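**Q** First, the structure itself, so that you have it in front of you.
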Ligand code: GRF
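Residue numbers (the working numbering): 2 to 210.
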């Protein structure tokens, strides 16, 4: 059984979706850089080991990342899931987990990398919006996209409402992609995602119009 760690900084609704999905793999630890992250409570309620490593106690990003890396090794983790983890990771850390680390981002990548995606989508008048599960590479929000949840922006959507709708999609697609990993349906070979034995050319789409 594949051993998974989830890295969090906040509410952890994606963590909850992963817990509720009863994956074929095991979430062996939840690591937060914030001691008051509600995600830690969710983990404890589910009987999952937790660790808090506060970035502000470390002199550099690299030393902080090394402490996280050591915790992941202690948990004997096979795969790392970023679920609302709000720190940029050092290249060394990312390289150490390349092909074994996923993130979810609240936009249809490659559009709207970075922050405030919902407002930026509204400002641009886009028709479609959503979220993307992607492998993590050193360049921010730029690793290969595996799956996208897509919705249509409504005339009455504001940024909060859009965030809520996108979250609903996140909770659908993230457990699905992690389950593919757990079942051995999704691999990463030399920078390329292999899905069910074939190179993945485009992300798998889940539409909710
Ligand atoms: C999500 O919007 C996700 O796309 C982004 O951070 C947020 C995490 O939310 N990476 P939660 O902590 O899982 O509720």
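From the three backbone atoms N, C-alpha and C, an ideal C-beta is built for every residue, glycine too.
Nothing here was measured: the structure is a model prediction, and the numbers come from that model.
Run through the segment 26-69 for me and flag every whole beta strand (DSSP E) of 3 or more residues, listed as ranges in chain order.
**A** If we require 3 residues or more, the beta strand (DSSP E) runs fully inside the segment 26-69 come out as 27-33 and 50-53.
**Q** Please work out which residues of its chain come closer than 7 Å, Cβ to Cβ, to residue 38, disregarding the five sequence neighbours upstream and downstream, and give them in chain order.
**A** Closer than 7 Å at the Cβ level, and outside the excluded window around residue 38, lie 9, 10, 11 and 13.
**Q** Answer with buried or exposed for residue 36, where buried requires no fewer than 16 other C-beta atoms within 10 angstroms of its C-beta.
**A** With fewer than 16 Cβ atoms within 10 Å of its Cβ, residue 36 is classed as exposed.
**Q** Among residues of its own chain, excluding the 5 on either side of residue 98, which ones have a beta-carbon nearer than 6 Å to its beta-carbon?
**A** Excluding residues within five positions, the ones whose Cβ falls inside 6 Å are 81.
**Q** From the DSSP output, read off the bridge partner residues of residue 4.
**A** Beta-bridge pairing links residue 4 to 27.
**Q** By DSSP, does residue 218 sit in helix, in strand, or in coil?
**A** Nothing about residue 218 can be read from this structure; the chain reaches only from 2 to 210.
**Q** Quick one: is residue 210 buried, meaning 16 or more other Cβ sit within 10 Å of its Cβ, or exposed?
**A** Residue 210 should be labelled exposed.
**Q** How about residue 167: is its Cβ closer than 8 Å to a heavy atom in the ligand GRF?
**A** Yes, the Cβ of residue 167 comes within 8 Å of a heavy atom of the ligand GRF.
**Q** Since residue 130 and residue 109 are thought to touch, with beta carbons under 8 Å apart, how far apart are those beta carbons, to the nearest angstrom?
**A** Correct: roughly 7 Å between the Cβ atoms.
**Q** Give the single residue among 96, 4 and 132 whose Cα lies nearest to the Cα of residue 113.
**A** If we check each option's Cα against that of residue 113, 132 comes out closest.
**Q** Which residue's Cα is closest to the Cα of residue 169: 149, 180, 126 and 157?
**A** When each option's Cα is compared against that of residue 169, the closest is 149.
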